[in-house]
Each structure stands twice: as C-alpha cells, then as structure tokens.
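Chains as they are written, first to last, in my numbering: chain A, 114 to 226; chain B, 114 to 226. What follows is a single structure, written as structure tokens, with notes after it.
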DNA sequence: TTGACATATAACCATATGGGAATGTAAACT
DNA sequence: AGTTTACATTCCCATATGGTTATATGTCAA
C-alpha cells in the first residue's frame, strides 16, 4: 500500500519540494498560473496539478480575474505543521549534541540486525 | 516520475502519519522496537522500515542495548520544518478570514478551466 | 461566431511507497 | 554449539505519484 493520498493531507502535500516553492512564491502575493510557470520554470500542466493538490488541502485559495486565476497561499493551512513541529521545540535545545554524537559514533557500524 | 525519495528528505519522511506517530512516541524517551510495535499497534517489519527511513534522514537516533535497539527522536532534525512553516507565521494573522471567505464563496463554482 | 489566450484535465508511463509474509542475522542464554 | 530473542531485510504487490503530451474548457477580443 502506498502512502496515503497527497490530496487529503497537508503534511503530504507539502512534502513535494515544488509545492513548497509554489507556496513560498504565493505567500505574500496572489499570482496567475502563468507567473508561477515563468517564475519557477515548471510546465504549465505540472503547475496546475500541484495547485490542484494545494487547493484540495486548503493550502492555496483561488480567485478569478478575467481569463486568469489568481492563486495565493493560505498561510493558515500551514499552521498545523507549525504546531506539530513546535511540539518538539523544547527538546532540540536539550537533546542538541547527544543524538548527534551517537549518530557519528554509530555512523560506521549501525549493524544489520 | 513519483515524488522524490522519502529517504532523502525530512519533509517527505514526516509526511507519513505513522512516522509522525513514531516520532511523537520517541520524542521524550528512547524505546526498543518492540515497544513501538506494541504501543502503536503496527507490525514489526513495518516499524523497522519506518525507523529505517527516519534514521536515514536523521529524525531518530539508535543505540544498542543488549539485544535491543533503543530509538529516540532527534528533535533537531525536525527544526527545518519548524523554521519553514514559521516563515508563514506572520501571514496567518493577516490573512485570517480573507482566503477562507473566498474559499467559501468559490466552493460551489471553482469552475473547470 | 471565430480565434487567441489562460488554465484545467485526461491519458500514459516510469517509479517510489507501504503492507504482509518469509527469511536473515546479531546478541544473550544455557 | 544450539536455541531463543529482537530486529532488519527481502520479496511481491496494489496503488499513488509527478512529468509530459495532447486535448478540453472557459473567457476575452473582433
């Protein structure tokens, strides 16, 4: 069974590097698809598909303007990721170094079983 | 072409719900695989595979203890996600409502092209 | 209407995933 | 050495990607 549909989960949607780029690109300004295509150097259908995914999980909003569709990031939808990762915040100060040292110590011999 | 390998990107590794569960489970305490299996109700091979992915991207560390392998979340590796999502923080206060209203207004007629 | 423009969908394909069953392997115990 | 314990890895498979190309849909201009 593959991973749960990217269409239904913000974490999953954001896992795609291009989608993160798109979200950044649309963060502070709404833009038509053509600008995303030009700005990020992607194919138009590809951008449309990514936008569809982002729209499905509410990460972007759309608005029509003549022949254009203006997309913009919906920052609010990113918040759950922020909250989730924030839960670990207090730990990385404490753990800093410990695990890293281990990783280095083990890097040559993680063994197999 | 499918998504970039989950093995090389923390965002991608975390996209899997079980892996997030595992990270939460191992956040404050190191534990052997068997406890993860019991605690989360997953199959052992499945857990081992998830742990492998998490280890590859540095999201967990391992330590041997007799026959056991003690895993623990490396919170530091979650930090990039935190930082990334944090960049949108100032926006969600401002945008709150705007996009949401649009989404509702458009919900019935996003049109097709 | 016809035509151009902007974007969305569909169709096709190579590939990465995660689950489950079976099996391999290191460490501890006797 | 042989057995058990605790994991890791392999194999097989159904399925979800994402890219690319072709095509459909919707909107504006004449």
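For glycine and all other residues, C-beta sits at the position ideal for the given N, C-alpha and C.
Near chain A, meaning a CB-to-CB distance below 9 Å, the residues of the region 195-207 of chain B are 195, 196, 197, 198, 199, 200, 201, 202, 203, 204, 205, 206 and 207. For residue 165 of chain B, not one C-beta of chain A is nearer than 7 Å to its own C-beta. Distance from the CA atom of residue 178 of chain B to the CA atom of residue 184 of chain A, rounded to whole angstroms, is 53 Å.
Taking 7 Å as the cut-off, the beta carbon of residue 190 of chain B is found no closer than this to the beta carbon of residue 140 of chain B. Each of A:156, A:186, A:187 and A:203 was checked against the Cα of residue 192 of chain B, and the nearest Cα belongs to A:203.
Our two residues, residue 163 of chain B and residue 131 of chain B, have alpha carbons roughly 8 Å apart in a direct line. No residue range can be given for residue 172 of chain A, since it is assigned to no alpha helix (DSSP H) and is classified by DSSP as neither H nor E. Annotation note: the region 136-199 of chain A contains the following uninterrupted beta strand (DSSP E) runs of length 3 or greater, listed N- to C-terminal: 173-178 and 181-186.
In the three-state reduction of the DSSP assignment, residue 129 of chain B falls in the coil class, being assigned neither a helical nor a strand state. Put simply, of B:121, B:171 and B:158 the residue whose alpha carbon is nearest the alpha carbon of residue 136 of chain B is B:171. When the beta-carbon positions are compared, residue 166 of chain A and residue 157 of chain A stay at least 7 Å from each other. By the rule that beta-carbons nearer than 7 Å mark a contact, residue 192 of chain B touches chain A. Beyond the five residues adjoining it in sequence on each side, residue 174 of chain A comes within less than 6 Å, by CB distance, of 185 and 187 in the same chain, given in chain order. At least one C-beta of chain B is nearer than 7 Å to the C-beta of residue 128 of chain A.
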